[in-house]
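See below for the structure under consideration.
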Amino acid sequence: MYLSAYPKRPISVCYSGPHVQWYLDEMQRELEVTRRMPTKADLIKWFKANSITEAEYREDMGRLGYAERYINLYMT
60 MYLSAYPKRP ISVCYSGPHV QWYLDEMQRE LEVTRRMPTK ADLIKWFKAN SITEAEYRED
120 MGRLGYAERY INLYMT
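Going letter by letter, the sequence shown gives residues 60 to 135 in our numbering.
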């Protein structure tokens, strides 16, 4: 079936607010990661050498897409 067969409706009718927000958040994360970011290995090395703070480490690991529970594991 062709896409033109479907009636044109606003996106808010087709998808829930949280669903749309999830995609917007994912796109924002991709933009942040594609900017020149240090690697996970760089962040771990800098954190262990006390070159960056715990807050900076957590923020940048989050930008790389790591969940809080995995960030905690990398810190040990």
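Where is the CB? At the ideal position from N, CA and C, for every residue including glycine.
Distance from the Cα of K99 is smallest, within the candidate group L123, N131, W81, N109, for L123. With a contact defined as Cβ atoms closer than 8 angstroms, R117 and I130 qualify at about 6 angstroms.
Shown here, M96 sits in coil according to DSSP, grouped into three states, outside any helix or strand. Within its own chain, the residues whose Cβ lies closer than 8 angstroms to the Cβ of R88, once the five positions on either side in sequence are excluded, are R122, G124, listed in chain order.
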